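Going by the working numbering, the first residue of the sequence shown is number 13, and it counts up by one from there.
Quick reminder that beta carbons are idealized off the backbone N, C-alpha and C, glycines included.
Bear in mind that the values here come from a model prediction, so they are computed numbers and not experimental data.
Here's the structure we're looking at; comments come further down.
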Amino acid sequence: FRPIDPARCMLIDARDLDPDEKRLLETLPIVRTECAGALDRVGKLTAAGAVQAHLHLDLDVLDPDVLQVNRYAHPGGPSPEQLQQLACGLARSIPIVGVTLSAYDPAFDSQAEVPPIVGQLLVDFLAAIERI
């Protein structure tokens, strides 16, 4: 293992950052974008030498007014449909060689809505990878 060049990293829809996180991000060449513009920024990653990607999905990026996944979710994020479109679009834009799914707390999902929605997102994402 070795560190990844920050210029080959994309941070999408990070909204609830503490002051130290903001300061650190200002010093790094990480590609920062919102969900809606992320696919347009993949070229910056490939220009920096990225030939494949690991996709880390923090579910608390989702708008809690649409789907509450944990206590850390912050209003204004994408809907599950927007996240699904982004994940599938990324899979068609750059080879995805790994996926991490994190930040689900069932204590904040009393109706058990999250698993089937996220499960369908993963099925669609894997189907997009398979078509490549």
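Alpha carbon to alpha carbon, how far is residue i from residue j?
i	j	result
I129	T112	16 Å
A140	P90	20 Å
L98	P87	19 Å
D77	A124	15 Å
A85	P41	25 Å
G49	S122	32 Å
For the alpha helix (DSSP H) containing residue i, list its first residue and its last residue.
i	result
V135	V126 to E142
R53	Unbroken run through R53: none, as it is neither H nor E.
A85	Run containing A85: none; DSSP gives neither H nor E here.
L102	P92 to S105
Over what stretch of residues does the beta strand (DSSP E) that includes residue i continue unbroken?
i	result
L23	M22 to I24
G110	I108 to S114
Check each candidate in the options and name the one with the smallest Cα separation from residue i.
i	options	result
V54	P118, L23 and P90	L23
L71	C21, R143, A139 and L134	L134
H11	A26, R14, D52 and D32	Residue 11 cannot be examined here, being either before or after the span of the chain that is shown, 13 to 144.
A65	E93, D32, A19 and A115	A19
A115	L37, R83 and T45	R83
P107	E125, V63 and V78	V63
E223	P127, C100, P118 and L29	Past the boundaries of the shown model lies residue 223; the chain is included only from 13 to 144, so the question cannot be answered.
Please name the residue or residues paired with residue i in a DSSP beta bridge.
i	result
D28	Answer is none; D28 lacks a bridge partner.
V43	M22
L69	L113
Using beta-carbon positions only, say whether residue i and residue j come within less than 8 Å of one another.
i	j	result
Q80	F137	no
V73	K56	no
C47	L102	no
D30	G61	no
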